[in-house]
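> Quick one: the structure is below, and I'll ask about it shortly.
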Amino acid sequence: MRVEVEHDGELLSVDSRAPLTILEVLERLDIPASTVLAVHGDAIVPHTSLIESDIRLELIVVSSGG
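9 is the number of the first residue of the sequence shown in this note's numbering; add one for each residue after it.
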């Protein structure tokens with residue numbers, strides 16, 4: 009299975025034979041989970057969501073501060 013991720017104008021991918029959570033995909037790509045929201049279609053999906061087939065996600069960078 010292939011997980012494609014759009015992040016900061018780049019298309020990244022992770023290949024795996026076993027299901028992965030979005031959190032595991034982010035870890036493989038060295039992207040801190042606390043800095044992004046994962047979006048599929050028009051929906052924000054939790055980082056605990058299990059991916060079991062090819063998918064393309066968009067990562068939205070979140071910022072906070074005061």
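The C-beta atom is built at its ideal place from N, Cα and C for all residues, glycine as well. Note that the structure is predicted; figures quoted are calculated from it, not measured.
Could you check whether leucine 67 and alanine 51 sit closer than 8 Å to each other, using their CB atoms as the reference points?
Position 43 of the sequence shown holds residue 51. Position 59 of the sequence shown holds residue 67. The answer is no: Cβ separation not under 8 Å.
> Assuming leucine 37 contacts valine 13 under a Cβ cut-off of 8 Å, what Cβ separation, rounded to an integer in Å, is found between them?
In the sequence shown, the residue the question calls residue 37 occupies position 29. In the sequence shown, the residue the question calls residue 13 occupies position 5. Their Cβ separation, rounded to whole angstroms, is 7 Å, which keeps leucine 37 and valine 13 in contact under 8 Å.
> Given that a residue counts as buried once 16 or more other Cβ atoms are within 10 Å of its Cβ, and exposed if not, what is leucine 65?
In the sequence shown, the residue the question calls residue 65 occupies position 57. Looking at its Cβ environment, which holds 16 or more other Cβ atoms inside 10 Å, leucine 65 is buried.
> On the three-state DSSP scale, how would you describe alanine 51?
As a first step, residue 51 is located in the sequence shown; it is residue number 43 there, counting from the start. Three-state DSSP puts alanine 51 in a strand.
> Give the secondary structure of valine 33 by DSSP, where H, G and I count as helix, E and B as strand, and everything else as coil.
Indexing the sequence shown from 1 puts residue 33 at position 25. Of the three classes helix, strand and coil, the one that applies to valine 33 here is helix, per DSSP.
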